[in-house]
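Structure first, then comments.
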Amino acid sequence: MAETYALWKSMMLNGEHITFWQSFFVKFYQAFIEKDRWSQYLEGVGTTLMVTAMALAIGVVLGVIVAIIRTAHDQRRPGSGSFISRFVLGIANFICKVYVTIIRGTPMMVQMLIMGLVIFKSSRDFTTIGALTLGINSGAYVAEIIRGGLMSLDPGQAEASRSLGLNYIDTMWFVVIPQAFKAILPSLGNEFIILLKDTSLITVIGGKELLHAAQGIYTRTYEQMLPLIGIAVIYLILVMVFSWLQGILERRLRQSDRR
Amino acid sequence: MIDVKNLSKSFGNHLVLDDISEHIYPGEKVVVIGPSGSGKSTFLRCLNLMEIPTAGTITFDGAQITDPKVNIDLMRRKMGMVFQHFNLFPNMTIRKNITLAPVRTKLMSKEEANDVATQLLRRVGLEEKADAYPSQLSGGQKQRIAIVRALAMNPKLMLFDEPTSALDPEMVGEVLAVMKELASEGMTMVVVTHEMGFAREVGNRVLFMDEGKIVEQAAPDILFNNPQHPRLQEFLSKVL
Ligand SMILES: Nc1ncnc2c1ncn2[C@@H]1O[C@H](COP(=O)(O)OP(=O)(O)OP(=O)(O)O)[C@@H](O)[C@H]1O
Ligand SMILES: [Mg+2]
């Protein structure tokens, strides 16, 4: 195969006539096979998945914390609690609101550049900074998703549970969270997909994920089409696999809706 | 059983319960009636502290439950509550709905709770629904399950807030039948309802509430046949 490639490539360079398929083969070979380039894509996929996982973990932790503070603040009974606890909750709620407002109000790309080129100017660990930025960004959206899920739940559910003598934690764990989780699963899945694709943005600060691999290759071969289409297909496959898994989970959770 | 002293409740500056004092004796069936917005639900919900009273004290089973130091979860285990909209947990089977609280509060082992659930379900004729989910049941069936769920905790007192108001008329009877049976077994009950027939038949005492006060109370035949207060006369002329 390598010989065929070398032959057809020299024919192409000499301006000899070759068929469309021959030139496609040359470009394909260049983009994916020559110098074991496929391994660079593979590494890129690995980084992409790792960054997504890190960002997701950060995003979910931040999102849960912010959502709990925001709902605790909004659902607090007027006039309950000591002055100190009201004051602390008020401050925490204010910080959460500012966080969500800033993150939702500025472009992801700008946040990425600010983190990479301003705040962590001296660090060279671009991939980690990228994951951190994505996680902080995602946290704001996850928080709003969770908050929406908790608020959409009929308050009668928690009341019924408390009226039976179950405490706050059991009520959250057995009654509120399972129902809220089921309600927000589609939006959470959507957020995950956005996150997976947004990992491509970390290339602007030098993070080495899938898009970075494609860029590295086409700056050498001067042939952009196949590397870019190639990674587009890879992103698409990742997203489709994930959507499929999500579908299975949703179907399992829908069990209790059957009539 | 439960003693209410000078109970007041406001939402913001809207006074909903105005200095209510009342005593409910063991085994008594108290029916609460009154126009919409008069504070019936709020009164009932204060009894198990679903609403925190603004002023006054409530003593239940020897403990002053309005004292912030009292563990309200322990108190609520002895009081069952049935809601207008059933509030069954849709993510659990009927059996799980019934056994969750007794098992989690360590009142019973899992096996005991399962046995209790089976017995109670048999009593209300819904044994075969144990493994169904709430969405598969009719309204009347859901409310019977909700009653059973509360009974599984062996409560000393049952609170009902308009348990039949959300039901289609043909399902009201089956729920009232369960409540009547419960009454005949000696359960202490406080029932907010618009079912005057039930009040007459089952109630020992009827409280008429208006604008946050209990303006009149008596045994049902006296209250219905010989109402004194003009507001009660007006109310009865509308509902009877
Ligand atoms: N959580 C709340 N916040 C503010 N106001 C409330 C709240 N709950 C009840 N209220 C108000 O308190 C008043 C009494 O309400 P309550 O539900 O006790 O009346 P009710 O007698 O049960 O009426 P109904 O027959 O319609 O159920 C109403 O004016 C209602 O708007
Ligand atoms: Mg009411």
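In the order they appear, the protein sequences are chains A and B. Note that the numbering used here has the first sequence beginning at 1142, numbered continuously upward. Note that the numbering used here has the second sequence beginning at 267, numbered continuously upward. All residues carry an ideal CB built from backbone N, CA and C; glycine is no exception. Keep in mind the model is a prediction, meaning the values are calculated, not measured.
Boundaries for B/His280: no alpha helix (DSSP H) harbours it, while the beta strand (DSSP E) harbouring it runs His280 to Ile290, taken from the DSSP string. Distance from the Cα of A/Ala1194 is smallest, within the candidate group A/Ser1279, A/Arg1211 and A/Phe1165, for A/Ser1279. Using a C-beta cut-off of 8 Å, the segment 1302–1310 of chain A makes contact with the segment 336–346 of chain B, since at least three inter-stretch Cβ pairs fall below that distance.
With fewer than three CB-CB distances shorter than 8 Å, the segment 303–314 of chain B does not count as touching the segment 1261–1271 of chain A. Contacts with chain A at 8 Å (Cβ-Cβ) do not include B/His280. The Cβ neighbour count for A/Ser1341, taken over all protein chains shown within 10 Å, is at least 16; the residue is labelled buried.
When Cβ-Cβ separations below 8 Å define contact, B/Ala485 makes no contact with chain A. Look at the beta carbons and you see the segment 346–358 of chain B not touching the segment 294–304 of chain B: under three pairs across the two are nearer than 8 Å. Here B/Val457 carries a strand assignment [DSSP, helix/strand/coil]. Of A/Tyr1182, A/Val1201, A/Gly1185 and A/Ile1270, the smallest CA-CA separation from A/Glu1332 is found for A/Val1201. For a Cβ distance threshold of 7 Å, nothing in chain A lies close to B/Met455: the least Cβ distance comes to about 15 Å. A Cβ closer than 5 Å to some heavy atom of ligand 1 marks a residue here, and those residues are B/Phe277, B/Val282, B/Ser302, B/Gly303, B/Ser304, B/Gly305, B/Lys306, B/Ser307 and B/Thr308.
Residue environment for B/Tyr291: exposed (fewer than 16 other C-beta atoms within 10 angstroms of its C-beta). Counting only runs of 3+ residues, the beta strand (DSSP E) found wholly inside the segment 282–348 of chain B occupies 295–299, 321–326 and 345–348, in chain order. Using beta-carbon distances, A/Glu1332 does not count as an interface residue toward chain B, since no partner is under 8 Å. Look at B/Val456: its beta carbon is at least 7 Å from all of the heavy atoms in ligand 2. Distance from the CA atom of A/Leu1148 to the CA atom of A/Phe1169, rounded to whole angstroms, is 15 Å.
A distance criterion of 7 Å places the beta-carbon of B/Glu428 in contact range of ligand 2, judged by its closest non-hydrogen atom. Between B/Lys504 and B/Val468, the gap from beta carbon to beta carbon reaches 8 Å or more. Here A/Gly1357 has Gln1181 as same chain residues with Cβ atoms under 8 Å from its own Cβ, once five neighbours each way along the sequence are excluded. What A/Glu1300 touches in chain B, judged by beta-carbon distance under 9 Å, is Arg311, Met316, Met347, Phe349 and Asn353, going in chain order.
Taking B/Val336 as the centre and dropping the five residues before and after it, the same chain places the C-beta of Ala329 and Gln330 closer than 8 Å to its C-beta, in chain order. A/Asn1308 sits in coil when the DSSP states are folded into three classes, being neither helix nor strand.
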